[in-house]
Amino acid sequence: MHAQPLVYHLPNPRQQHYNTAPEGASSSSLTRSKASKLATLDMSTMAVASLLPSQLLAALPEQWQLGLLALLPVMLLSFAVLIRNRSTAAKNGGVRLPPGPAQVPVLGNLHQLGPLPHRSLRELARQHGPVMLLRLGTVPTVVVSSAEAAREVMKAHDVDCCSRPVSPGPKRMSYDLKNVAFAPYDEYWREMRKLFIVELLSMRRVKAAWYAREEQVDKLLGNLRRMGPKPVALNEHIFRLADGIIGTVAFGNIYGTERFAHKKQFQHVLDEAMDMMASFSAEDFFPNAAGRLVDRVTGLVARRERIFRDLDAFFEMVIDQHTDPKRPKPENGGDLVDVLINLWKEHRGTLRFTREHVKGIILNLETSGKGKEQLCKDLQEKVKELEGQLDSKTQSQMTLEKQHRQISGKEKEIEQLCTALRQELELKLEEQHHLRSKSKQELSVAELKNKELELKLKKQQLKVSPKKELLSFVFSKQESNSVMPPKNIGKGNRA
């Protein structure tokens, strides 16, 4: 119990020793006595300091003791992280790293992401620039948030940045990276990509799958017709359409039949697998024994293994159905599973296909096909746009029909007026025709009368005597030539 005053009042004994020296002592004896006393005091202080933690811990309350014991592992871990960071900085050889926010021990910058990481990263980029360094747990992460930096990453350093980081969840689900989505960029990935383009995504294969699209669209239209005028939940029908097309192209005509009895269970397991591959685990941020221990304690590893076993059993069932010798020969070159099985059995090219490759690529096709939800959303947005256009068209059609009704009413009025005018014109024409016929008859009667008069006049002229004609001739001659008439005129008349 004598240690406490020595610790907190360490200068006082020295001051007492310095002040209690005898007055008659020489300076050399004083110096030697001071040195010996100081050495004795330092040794006692070191002994007390070595006993201090245990004695202090015993003197503290019990709650404080538990708190200090709980903080001890955190302090040790922080010390280890600090040493590791310094060793990493020494290995980098003085390379300048991008700026970034301050880090806390163990977590790094994980606590700064928040519930909306994209917004948190935007705010951090405004503070630290378009290229910044974050430490998510023990994993250094460079965040790029400008067009120039993205162009540098995607084009200039594409080969260095194109591979995905290896995560335990996708690695297990993809049969140890035996697909295209999660495989690293190497010769295997290039061969798999070539295989996808030539064998699975070619125009020949797309045309061969036309029957599936046509059949599923016919089913959709038939279901909508059966609904009649009732309101329809289009999202469900569109999801069935996308699911039917992708399932038929991938697994053949057995998809959706009784032979494909595990369809609903498969959809549920596939949803769980998608959630598993899209989520993070402790091992993603702490790729060491501590992260693996946390995943096992939280049950993530057990859930991952259960989902993997369910998927593997389903893929085994699909492969067994396609390799069944009793199965009829597929039409149109078979489905995608048939193509993969042929590649597995024929061993074409440098790539050696195995059963695990077939299952990994089937999962890749289905998980990429899980863009059904996005496809459904896109189709729903298109349907909404069409509905808006139909609403505008119906409104314009209603206005046109209204105008048409108004015009048709006016047309009826105009038609009635035209009918009345036509009738009046016909009456007037009949009257004019009657008058014209009357005038013609009157003219013909007048002409006949004139002709009769002319005939009468001619008859009267013919009845005139020759004497009168001769006399008229004589008188005319006398007036013109003064010639005497012949002598026998009188005699002839007498005779």
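Numbering (the numbering used here), first residue to last: 2 to 496.
Beta carbons: idealized from backbone N, C-alpha and C, even for Gly.
Predicted, not measured: the structure shown is a model, and the values here were computed from it.
Taking 7 angstroms as the limit between beta carbons, can you name the residues of its chain near residue i, skipping five residues before and five after?
| i | result |
| --- | --- |
| L201 | L337 and V340 |
| F267 | F315 |
| H129 | P100, G101 and P102 |
| S282 | P169, G170, D296 and L301 |
| M133 | P99, P100, G101, L125, A126 and V144 |
| L387 | none |
| F197 | V181 |
To the nearest angstrom, how far is the alpha carbon of residue i from that of residue j?
| i | j | result |
| --- | --- | --- |
| R226 | D219 | 11 angstroms |
| S121 | S147 | 16 angstroms |
| P118 | S280 | 14 angstroms |
| L456 | E448 | 12 angstroms |
| L222 | P230 | 14 angstroms |
| L312 | G245 | 19 angstroms |
| E367 | P329 | 24 angstroms |
| K156 | R241 | 39 angstroms |
| L73 | R173 | 36 angstroms |
| D159 | V140 | 21 angstroms |
| V105 | L380 | 46 angstroms |
| L426 | P232 | 59 angstroms |
| K411 | H405 | 10 angstroms |
| G115 | E402 | 57 angstroms |
| F309 | V144 | 32 angstroms |
| S203 | Q398 | 44 angstroms |
| Q417 | E432 | 23 angstroms |
| E347 | D272 | 33 angstroms |
| L125 | M278 | 27 angstroms |
| E453 | Q461 | 12 angstroms |
| K429 | G389 | 58 angstroms |
| R504 | E414 | This structure cannot speak to residue 504, because the chain is shown only from 2 to 496. |
| D321 | T351 | 26 angstroms |
| A291 | T142 | 20 angstroms |
| V1 | P331 | This structure cannot speak to residue 1, because the chain is shown only from 2 to 496. |
| I247 | A210 | 10 angstroms |
| I239 | M275 | 20 angstroms |
| A243 | A151 | 34 angstroms |
| R97 | E284 | 28 angstroms |
| E306 | M228 | 43 angstroms |
| V199 | R205 | 9 angstroms |
| K459 | C419 | 58 angstroms |
Would you mind reading off the limits of the alpha helix (DSSP H) that contains residue i?
| i | result |
| --- | --- |
| N224 | W211 to M228 |
| P171 | P169 to M174 |
| N289 | It is not in any alpha helix (DSSP H) - N289 carries neither H nor E in the DSSP assignment. |
| H238 | L235 to F252 |
| L196 | E188 to L196 |
Sorted by chain position, which residues of the same chain lie with C-beta nearer than 8 angstroms to residue i's C-beta, five sequence neighbours on each side aside?
| i | result |
| --- | --- |
| T324 | I342 |
| V319 | F252, V338 and I363 |
| Y176 | E357, H358, K360, G361 and L364 |
| H434 | none |
| N289 | T139 |
Only counting the same chain, and skipping five residues up and downstream in sequence, which positions put a Cβ closer than 6 angstroms to that of residue i?
| i | result |
| --- | --- |
| H269 | none |
| W1 | Residue 1 lies beyond the range of the chain shown here (2 to 496); nothing can be said about it. |
| E382 | none |
| L294 | none |
| M2 | Any reading at M2 must be qualified, since the residue scores a pLDDT of 41, below 50, and its modelled position is unreliable; the value itself is stated next. Answer for M2: no residue qualifies. |
| R136 | Q104, G109 and N110 |
Are the segment 190-197 and the segment 375-389 touching, with three or more C-beta to C-beta distances below 8 angstroms?
no
For the segment 120-163, list the alpha helix (DSSP H) runs that are entirely contained and at least 4 residues long, ordered along the chain.
148-152 and 159-162
Can you give, in chain order, each stretch of the alpha helix (DSSP H) that sits fully within the segment 315-359 and has at least 4 residues?
337-347
Is there contact between the segment 301-308 and the segment 205-218, where contact requires at least three CB pairs shorter than 8 angstroms?
no
Quick check: the segment 161-168 against the segment 178-187, are there 3 or more CB pairs under 8 angstroms?
yes
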